[in-house]
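Each remark here refers to the structure printed beneath this line.
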Amino acid sequence: MLKALAPGFLLTVVLAAVSYFVSTIHDALDALVIALIAGMLFRLLFGGQSWFVLVVAYAKDLKDVLIPIGVLLYSATININKSLTLPINAYIHMVVSVAVLLIVALVFGRLLKLPPKTNWLTAIGSAICGASAIAISSTAIDAKDEDISNSLIAITLVGLIALALYQVLPFVMGLRAEDYAILSGATLHQTGIVKIATSGLGEIQKSIALPVKVLRTALIPFIALVFFYITVEREGYKKGTGYLLLVLIAFFVILGLSAFLPAFAALSKMAGIKIATTVIFSIAFANLGLLVDFKTVRLKPIIVAFIAWAASLGAFMLMI
Amino acid sequence: MPGRLKKIVDYVRDHSILKNLALANMKLMVGEDVTEVTEDTPDDAEKEKKYIEAAKAILKKDKLDIKF
């Protein structure tokens, strides 16, 4: 079995290490986004090779292990304290954006007759925290590979489109740097993309954009629990999903420790721990990218994710 | 009677921790996608021999207690 494990293990570790080193070249490059896209591209390029079935199988089997570990480690590095000192308008924008992204995606997904779980994951990925939220929730709702592929591609593609438009839109609209930081943190799909979009803002990125995004990230366990409950109500309890509850509880505990225990928060800020966390989470993201099968990709989830993002941008502009 | 091949595939899945990896390994060993084997897949003595050999190698067992 070790022989069968080797291709997937080595590939994800190499992709993660390379992604990490690439991310050190420039502040705007994010290891997780690079690892996710690298995983997707690798499957697109080599998915037809016979040996690649071992890689995809490894990615499927390890998803439920790697992602929770990555998310828990990541939660240890989240500094929720900064998010607790944000100005009140940042909270309002964040709550409105999450609500608009979630509701609009769910409604339009239904109108366009998306499969329910693809619709849920697209909505969750748009509203909360991109790939991590999709990964955790996909286990919670027992999603199929096509649901994960379609939602991941939709939020990654729309996230990159939004990132490109945010290089121009805020200046056209005359947004202040603080408002742009809130807009990015409240409406962009992944922390990495928020980092890239706000890399030119200096201290404002750290004091506003990322803390706003952290608030959305902290919603992962709540949203995963809600959809877990809906799935259990509809389909009954499925054996093997119980451990997810433990992961979600651990997420809450770690968030609490980093917020209220200064020694724990200091530990999680150590450079070595941050690097290890980033590399391990990048392995999880490369693994997630390898699950994306472009053959099953449909246009509708991308349309839904785009409409939801456009609606959240519209809501934001109405409020400022 | 169809279904014997499906029982071998199910046995491998049920007795593996990394289920997808075990079936992917089996796919490479027998040269066909075992996940597409269904209850209605016709029995085939030649294939069954290959499936059992692959199952033994993957599960590292000399004997399989499959109830046909």
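Protein sequences appear in the order of chains A and B.
Everything in the first sequence is counted per our numbering, starting at 502 for the first residue and increasing by one.
Everything in the second sequence is counted per our numbering, starting at 56 for the first residue and increasing by one.
Here a beta-carbon is modelled for each residue, glycine too, at the ideal position from N, C-alpha and C.
G757/A versus P588/A - alpha carbon distance
One-based indexing of the first sequence puts residue 757/A at position 256. One-based indexing of the first sequence puts residue 588/A at position 87. Each residue's Cα considered, the two are about 21 angstroms apart.
Within 10 Å of its beta-carbon, does N211/B have 16 or more other beta-carbons around it, so buried, or fewer, so exposed?
Here chain B comprises residues numbered 56 to 123, so residue 211/B is not present and cannot be evaluated.
If you check the beta carbons only, do S551/A and A532/A fall under 9 angstroms apart?
Here residue 551/A is taken as the residue at index 50 of the first sequence, counted from 1. Here residue 532/A is taken as the residue at index 31 of the first sequence, counted from 1. No; because the gap between Cβ atoms is not below 9 angstroms, this pair is not in contact.
Tell me which residues of the segment 76-103 of chain B have at least one Cβ-Cβ distance to chain A shorter than 8 angstroms, keeping chain order.
L76, A77, L78, A79, N80, K82, L83
Residues of chain B with CB under 7 angstroms from D562/A, in chain order?
Counted from its first residue, the first sequence places residue 562/A at position 61. What D562/A touches in chain B: L73, K74, N75, L76.
Using three-state DSSP, classify Y738/A as helix, strand or coil.
Here the question's residue 738/A lines up with position 237 in the first sequence. DSSP places Y738/A in coil when its eight states are reduced to three.
From K111/B to T657/A, what does the alpha carbon distance come to, in whole angstroms?
Against the second sequence, residue 111/B aligns to sequence position 56. Against the first sequence, residue 657/A aligns to sequence position 156. Roughly 42 angstroms between the two C-alpha positions.
Would you kindly report the start and end of the unbroken alpha helix (DSSP H) that includes N582/A?
What you label residue 582/A is simply residue 81 of the first sequence in a count that begins at 1. Run containing N582/A: 581-585, per the alpha helix (DSSP H) assignment.
Grab me the residues of A725/A's own chain with a C-beta within less than 7 angstroms of its C-beta, minus the 5 sequence neighbours each way, in chain order.
Here residue 725/A corresponds to residue number 224 of the first sequence, with the count starting at 1. Counting only Cβ-Cβ distances below 7 angstroms, and skipping sequence neighbours, we find I637, S638, A641, L749.
A558/A touches chain B at which residues, Cβ-Cβ below 9 angstroms?
Along the first sequence, read from residue 1 onward, the residue named residue 558/A stands at position 57. The contacting residues are L73, K74, N75, L76, A77, L78, A79, N80, K82.
Sequence-distant residues of its chain with Cβ nearer than 7 angstroms to S524/A (five each side left out):
Within the first sequence, residue 524/A is the residue found at index 23, counting from 1. Taken in chain order, the residues that qualify are L530, D531, A532, I535.
Does DSSP put A568/A in a helix, a strand or coil?
Translated into the one-based positions of the first sequence, residue 568/A becomes position 67. It should be noted that the sequence gives Ile, not Ala, for residue 568/A. If DSSP states are grouped into helix, strand and coil, I568/A belongs with the helices.
Would you check if the segment 92-100 of chain B and the segment 569-584 of chain A touch, i.e. whether three or more CB-CB distances between them fall below 8 angstroms?
no
Assuming L567/A and A785/A make a contact with CB atoms under 8 angstroms, what is their CB distance in whole Å?
Position 66 of the first sequence, counting from 1, holds the residue named residue 567/A. Position 284 of the first sequence, counting from 1, holds the residue named residue 785/A. Correct: roughly 4 angstroms between the Cβ atoms.
If you compare alpha carbons, which of K714/A, N651/A, I781/A is closest to G571/A?
For this step, residue 571/A is matched to residue 70 along the first sequence. The shortest Cα separation from G571/A among K714/A, N651/A, I781/A belongs to I781/A.
Which residue from G693/A, I731/A, R611/A, L684/A puts its Cα closest to that of I709/A?
Locating residue 709/A in the first sequence gives position 208, counting from the first residue. Measuring from the Cα of I709/A, the nearest candidate turns out to be L684/A.
Could you tell me which chain B residues have their CB closer than 8 angstroms to the CB of A710/A, listed as they occur along the chain?
Within the first sequence, numbered from 1, the residue matching residue 710/A stands at position 209. Result: empty, since nearest Cβ-Cβ is about 38 angstroms, beyond 8 angstroms.
Of the choices L720/A, S759/A, S700/A, whose alpha-carbon is the least far from that of H527/A?
As a first step, residue 527/A is located in the first sequence; it is residue number 26 there, counting from the start. Residue S700/A is the option with its Cα nearest to H527/A.
Output the distance between the C-alpha atoms of L666/A and Y106/B, rounded to the nearest integer angstrom.
Taking the first sequence and counting its residues from 1, the one referred to as residue 666/A is at position 165. Taking the second sequence and counting its residues from 1, the one referred to as residue 106/B is at position 51. Looking at the two C-alpha atoms, the distance is approximately 54 angstroms.
Between the segment 711-725 of chain A and the segment 581-600 of chain A, can you find at least three pairs of beta-carbon atoms closer than 8 angstroms?
yes
Range covered by the alpha helix (DSSP H) that runs through K102/B:
If you number the second sequence from 1, residue 102/B lands on position 47. Segment 100-114, the alpha helix (DSSP H) holding K102/B.
Is the separation between the beta-carbon of T692/A and that of L711/A shorter than 9 angstroms?
By one-based count along the first sequence, residue 692/A stands at place 191. By one-based count along the first sequence, residue 711/A stands at place 210. Yes. Within cutoff.
Per DSSP, what kind of secondary structure is T90/B in: helix, strand or coil?
Here residue 90/B refers to the residue found at position 35 when the second sequence is read from its first residue. DSSP places T90/B in helix when its eight states are reduced to three.
Does the beta-carbon of Y738/A have 16 or more other beta-carbons within 10 angstroms, so that it is buried, or is it exposed?
Your numbering for residue 738/A matches position 237 in the first sequence. Classification for Y738/A: exposed.
Beta-carbon within less than 7 angstroms of H594/A's beta-carbon, same chain only, minus the 5 sequence neighbours each way: which residues are those?
The sequence position of residue 594/A within the first sequence is 93, counting from 1. Cβ neighbours of H594/A beyond the five flanking positions: I683, A687, F817, M820.
For V85/B, collect the residues of the same chain with a Cβ closer than 8 angstroms to its Cβ; drop the 5 residues on either side in sequence, then sort them by chain order.
Locating residue 85/B in the second sequence gives position 30, counting from the first residue. Excluding sequence neighbours, V85/B sits near K102, K105, Y106, A109.
Could you tell me the alpha carbon to alpha carbon distance between D648/A and I697/A, rounded to whole angstroms?
Working through the first sequence from its first residue, we reach residue 648/A at position 147. Working through the first sequence from its first residue, we reach residue 697/A at position 196. Whole-angstrom Cα-Cα distance: 27 angstroms.
Is any beta-carbon of chain A found at less than 9 angstroms from that of I63/B?
Start at 1 with the first residue of the second sequence, and residue 63/B comes out as number 8. By this cut-off, I63/B is not an interface position.
Buried or exposed by the 16-neighbour rule on C-beta atoms within 10 Å, applied to D120/B
Looking up residue 120/B in the second sequence gives position 65. Classification for D120/B: exposed.
Say whether chain B places a C-beta atom closer than 9 angstroms to the C-beta of G540/A.
For the purposes of this step, residue 540/A is identified with residue 39 of the first sequence, where counting begins at 1. Not closer than 9 angstroms to any Cβ of chain B, the Cβ of G540/A fails to qualify, so no.
If you draw a straight line from the C-alpha of L513/A to the C-alpha of L792/A, how long is it?
Counted from its first residue, the first sequence places residue 513/A at position 12. Counted from its first residue, the first sequence places residue 792/A at position 291. The sequence as given places Thr at residue 513/A; Leu does not occur at that position. Their Cα atoms are separated by approximately 12 angstroms.
L73/B and D646/A look like a contact to me (Cβ under 8 angstroms); what is the Cβ gap, rounded to whole Å?
Start at 1 with the first residue of the second sequence, and residue 73/B comes out as number 18. Start at 1 with the first residue of the first sequence, and residue 646/A comes out as number 145. Contact flag wrong, Cβ pair sits at about 16 angstroms.
I'd like the span of the alpha helix (DSSP H) that includes S652/A, first residue to last.
On the first sequence, position 151 is the one that residue 652/A refers to. Start and end: 646-667.
Quick check: what's the CA-CA separation for A606/A versus D565/A?
Mapped onto the first sequence, residue 606/A falls at position 105. Mapped onto the first sequence, residue 565/A falls at position 64. Answer to the nearest angstrom: the Cα atoms are 25 angstroms apart.
Within the segment 525-569 of chain A, ranges of the alpha helix (DSSP H) (whole runs, at least 4 residues):
532-547
Shorter than 9 angstroms from the beta carbon of G549/A to some beta carbon of chain B?
Looking up residue 549/A in the first sequence gives position 48. No - not a single Cβ of chain B is within 9 angstroms of the one on G549/A.
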